[in-house]
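A.B. asks: Throughout the sequence shown, residue numbering follows mature numbering (1 follows the signal peptide of the UniProt record, and there is no 0), covering -26 to -1, 1 to 492 in sequence.
Positions of the beta carbon are idealized from the N, C-alpha and C atoms, including for glycine.
What you are looking at is a predicted structure, and each value in this text was computed from that prediction instead of being measured.
Sharing a structure with you now.
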Amino acid sequence: MTTRQRHVLRHSLVPIALASALALTACGGDAENGDVQSPSGVSATYGQAGGSAGEPAPDPQGNTFQDEGVSGYVDAGSDSESTFALDVDNGSYRVAQAMVAQGQRPPADSVRAEEWVNAFDYGDPAPTEAALAVRAESGVRAYDAPDSPMTQQVVRVAVTAREVPREARPSVNLTLVVDRSGSMAMGNRLGLVKDSLALLTESLRPDDTISVVGFDDQVELVLPPTRADERATVMASVDRLTPRGSTDVEGGLSLGYEQARRAYRPGGVNVVVLCSDGVANVGMTGPDSIAARIAEEGRNGIHLVTVGYGMGNYNDHLMEQLADQGDGFYRYVDTYDEARRLYVDELTSLLAPVADDARTQVVFDPEKVATYRLVGYENRAMDDESFGDLSADAGELGAGHHASALYELRLREGVEPGEQVGLAKVLWKTPGTDAAGFASAPIRAASPQEPMSDSLALATAVADLAAVVKGYGGYVEPSTDQLPSLYDVRNRAIALQERDVPGAAELVDLASRLEYLQ
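Structure, rendered in structure tokens:
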């Protein structure tokens, strides 16, 4: 079964996948009820507790992850086109950071390589006229096939979205759906949610509106649509949230969408933000209705952003799948600094819609490319024939979003450096219309005498670190003898850090911690 065939099967079974995730979390209980005080001080770090002893759980900490598999090499002569929906999630990488900080090695099932790669900024310029731009850069892996290095190449296809200044973005209708169940008392998760929302209110404009829905096994409208400049009213409603009871995600989202629709702003940004640990154990036992509702509201202009909190009895799979269905994106927050990065530096600009149903197709020249492999995007693959069908669901990009995809290539003998070996294309819809946008960029063979660019070297090191954690599965061709090791990745990251490459220090830290945990 090909990757695309597996993808078609997955999407036909999304409700079943969600049901499985919910069935797993339904086995666990919530923490004891109790009030949690919001911490003060900008340097606050929030510890995470593990799952309760004796409770059945998918991994020792009670977290739920879904193994998406590992893509293998494709014969370009049989299939020269690679098509996937763009993905700007980075939750998998942030979850790994949180687990490593707690002294835990992330399980292989938690790794989605594209989310690791997309957690880093590679300095790609944003377009100034079109909504999206695409570029491609190539290089040669130093450790691959030393007898014929020209044949072993890596390509980064980068898509960037146009930036929108804060003062120029559309007005925001924001509905916060906050999990206040007992499990949110663990590690003071709800306290971090409250501090996150305090940061968010500071970054909104006065004419933006906020609604707040709280849910445990009961669902409550905590705050009807209210102007953001009424900050005291907003924060007073948030402070009333205390952890208790079980978790009815379905009920919370249903009421959240009702409020978002009630305050809907034509031409504005309409979004539901789910803040939860994903431990759903009440309602949504048959998720067909809520999955359909999420998808329908996404098509009708209300997007879903999921923000995960807590580690230990955490459902990564559910949070990622809900965002996928809701035409939004998935983030994970475990520290105040990470909350500031999301809610102050990123969220309000990223919410400005730029491109709907964005998808990428890379076409390789089978006379020059023998085999290729797309790193990650296993659950975002699309049929090649659907690339030009704008009714096919794909990915959504907000202002300033960026996404990268890495390909590993084996070129045929005789290909010279600089020759075009493929074409990267991106297609999208203008939000609120059926107008299509298109951009493309050539993919050229790299020279083994030319070092990789810093951006490509960083992206490749990040992807290799994800591969080390996940394991290589069946993706390696039999003729490939050498594979990146944790030691190798760390040393490459150190070399980038010594050149002051942004993001390299963070990668060195993660690789060093993982090496210690071996």
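#1: Just how far apart, CA to CA, sit PRO458 and VAL442?
#2: Counting only runs that start and end within the segment 263 to 336, where is the alpha helix (DSSP H) found for 4 or more residues in a row?
#3: Determine the closest residue to GLN295 out of GLU312, ARG333 and LEU248, with distance taken between C-alpha atoms.
#4: Below 6 angstroms CB to CB, which residues in the same chain sit around GLY113 once its five sequence neighbours on both sides are set aside?
#5: What number of angstroms, rounded off, separates the C-alpha of VAL422 from the C-alpha of GLN126?
#6: Just verifying my parser: in three-state terms, what is the DSSP assignment at THR434?
#7: Drop a sphere of 10 angstroms on the beta-carbon of GLU424, count the other beta-carbons inside from all chains shown, and report buried for 16 or more, exposed for fewer.
#8: Does DSSP put ASP367 in a helix, in a strand, or in coil?
#9: Does the Cβ-Cβ distance between ASP325 and GLY372 come in under 7 angstroms?
#10: Who are the near neighbours of SER14 in its chain, counting only those whose CB is closer than 8 angstroms to its CB and skipping five residues on each side?
#11: Just verifying my parser: in three-state terms, what is the DSSP assignment at LEU166?
#12: For VAL133, which of GLN492, ALA107 and VAL318 has the nearest alpha-carbon?
#13: Can you tell which of ALA332, TYR346, ALA266 and TYR461 has the C-alpha that lies nearest to the C-alpha of PHE58?
#14: Would you tell me roughly how many angstroms separate the C-alpha atoms of GLY77 and SER365, rounded to the nearest one?
#15: Could you tell me the boundaries of the beta strand (DSSP E) in which ASP153 lies?
#16: DSSP three-state call for ALA420: helix, strand or coil?
#17: Rounded to whole angstroms, what is the Cα-Cα separation between ALA479 and VAL281?
#18: Report the three-state DSSP secondary structure of ALA132 (helix, strand or coil).
#19: For VAL193 and VAL253, I'd like the C-alpha separation in whole angstroms.
#20: Check for me: the alpha helix (DSSP H) holding GLU393 runs from which residue to which?
#21: Please report the straight-line C-alpha distance between PRO416 and VAL400, rounded to a whole angstrom.
#22: Reducing DSSP to helix, strand and coil, say where ASP190 ends up.
#23: Nearest to TYR238 by CA position, among GLY392, PRO144 and GLY445, is which residue?
#24: With respect to the beta strand (DSSP E) encompassing ASN244, which residues constitute its N-terminal and C-terminal limits?
#25: If I measure Cβ to Cβ from GLY21 and keep anything under 6 angstroms in the same chain, skipping five residues before and after, which residues do I get?
#26: Taking only the alpha-carbon atoms, compute the straight-line gap between ALA72 and ASP153 and give it to the nearest angstrom.
#27: What does DSSP give as the partner residue(s) for GLU55 in the beta ladder?
#28: What residue range does the alpha helix (DSSP H) around GLU352 cover?
#29: Can you grab the Cα-Cα spacing for the pair LYS342 / VAL336, in whole Å?
#30: I'd like to know whether the C-beta atoms of ALA437 and LEU385 end up nearer to each other than 7 angstroms.
#31: Taking just the CA atoms, how far does SER378 sit from SER52?
#32: Kindly confirm or deny that the segment 351 to 369 and the segment 308 to 321 touch, where touching means at least three C-beta pairs closer than 8 angstroms.
#33: Please identify the residue among LEU215, TYR231 and SER211 whose C-alpha is closest to the C-alpha of THR149.
#34: Helix or strand or just coil, what does DSSP make of LYS399?
#35: Helix or strand or just coil, what does DSSP make of LEU488?
#36: Alpha carbon to alpha carbon, what distance is there between THR309 and SER157?
C.D. replies: This is what the structure gives:
#1: 7 angstroms
#2: 290 to 299, 310 to 314 and 321 to 324
#3: LEU248
#4: VAL128, ALA420, MET426 and LEU430
#5: According to the sequence displayed, residue 422 carries Pro and not Val. If you take the alpha carbons of PRO422 and GLN126, they lie about 9 angstroms apart.
#6: helix
#7: exposed
#8: coil
#9: The identity of residue 325 in the sequence shown is Leu, whereas the question assumes Asp. The answer is yes: Cβ separation under 7 angstroms.
#10: Bear in mind that the predicted position of SER14 carries a pLDDT of just 27, short of 50, making it too unreliable to give a figure here.
#11: helix
#12: ALA107
#13: ALA332
#14: 45 angstroms
#15: 146 to 153
#16: coil
#17: 25 angstroms
#18: strand
#19: 15 angstroms
#20: Per DSSP, GLU393 belongs to no alpha helix (DSSP H) and is neither H nor E.
#21: 12 angstroms
#22: coil
#23: PRO144
#24: 243 to 250
#25: Residue placement at GLY21 cannot be trusted, given a pLDDT of 31 that sits under 50; the coordinates are not used to answer.
#26: 20 angstroms
#27: VAL337
#28: It is not in any alpha helix (DSSP H) - GLU352 carries neither H nor E in the DSSP assignment.
#29: 14 angstroms
#30: no
#31: 25 angstroms
#32: no
#33: TYR231
#34: strand
#35: helix
#36: 18 angstroms
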